[in-house]
Amino acid sequence: MSTEKSALGKKSRAKGGRFELKVRQDLEENLGWIVTKWTNTVDYDKNDKKGKLVPAKRKYNPFLKTLSIGTGFPDFVCFKRNSDGNYEVIGLEAKGNGYLDQIEKGMCMWLLENKIFSRILIAKRAKERGKIDYIDFNVKYNKK
28 MSTEKSALGK KSRAKGGRFE LKVRQDLEEN LGWIVTKWTN TVDYDKNDKK GKLVPAKRKY
88 NPFLKTLSIG TGFPDFVCFK RNSDGNYEVI GLEAKGNGYL DQIEKGMCMW LLENKIFSRI
148 LIAKRAKERG KIDYIDFNVK YNKK
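Counting with this note's numbering, you get residues 28 to 171 for the letters of the sequence shown.
And the structure:
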């Protein structure tokens, strides 16, 4: 039973990594964004809705004896020059199904309220094979 779950976990992690890479390539090549990995995360307490920006912890893989780059939230920070000469800075979280859990929603709200990013996009797999949909966090979750 545990070997089946282990194999499923490996496949899911690899699939998520491939999707992140595909999203990054799409943003850079087709949409003209400058994309880099975001290595910070929000130390968020959902009870009092307070948080602070901290460096993401690096993960150690004991089998490969390597440290992976910190898994920040959101996955990417993207820059693009506007027509007025300023840069737009957005956060992007790659989610295959497009859904954020409650803690991720809280972290997104905190990042937007504290003006870390002008907006946050969620990349999800489109129904059409090979396509990616980008959903604005404010449109989907922050309906005021």
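Each residue gets a CB set at the ideal place from its N, CA and C atoms; glycine is no exception.
Start-to-end residues for the alpha helix (DSSP H) that takes in residue i
i	result
Glu131	129-140
Lys9	This structure cannot speak to residue 9, because the chain is shown only from 28 to 171.
Nearest residue (CA-CA) to residue i, options the options
i	options	result
Arg152	Phe46, Lys38, Arg40, Ala41	Phe46
Thr66	Asn169, Lys167, Asp53, Gly99	Gly99
Tyr126	Ala34, Ile117, Leu148	Leu148
Lys122	Val104, Leu139, Val116, Tyr161	Tyr161
Lys42	Val166, Phe103, Glu31, Asn124	Asn124
One or two residues paired with residue i in a DSSP bridge
i	result
Val116	Phe106
Leu58	Partner(s): none; Leu58 has no beta bridge.
Arg152	Ile159
Asp53	In the DSSP output, where bridge partners are listed per residue, Asp53 has none listed.
Asp70	Lys79
Arg146	Ile117
Extent of the continuous beta strand (DSSP E) to which residue i belongs
i	result
Lys122	Taken as a continuous stretch (DSSP letters only), Lys122 belongs to no beta strand (DSSP E), as it is neither H nor E.
Lys79	77-82
Nonlocal neighbours in the same chain, by C-beta distance under 7 Å from residue i, ignoring five residues either side
i	result
Trp137	Val69, Tyr71, Gly78
Lys132	Tyr168
Close-in-space but distant-in-sequence residues of the same chain around residue i (CB under 8 Å, 5 per side omitted)
i	result
Ile159	Lys49, Val50, Asp53, Ala150, Lys151, Arg152, Ala153
Gly59	Lys107
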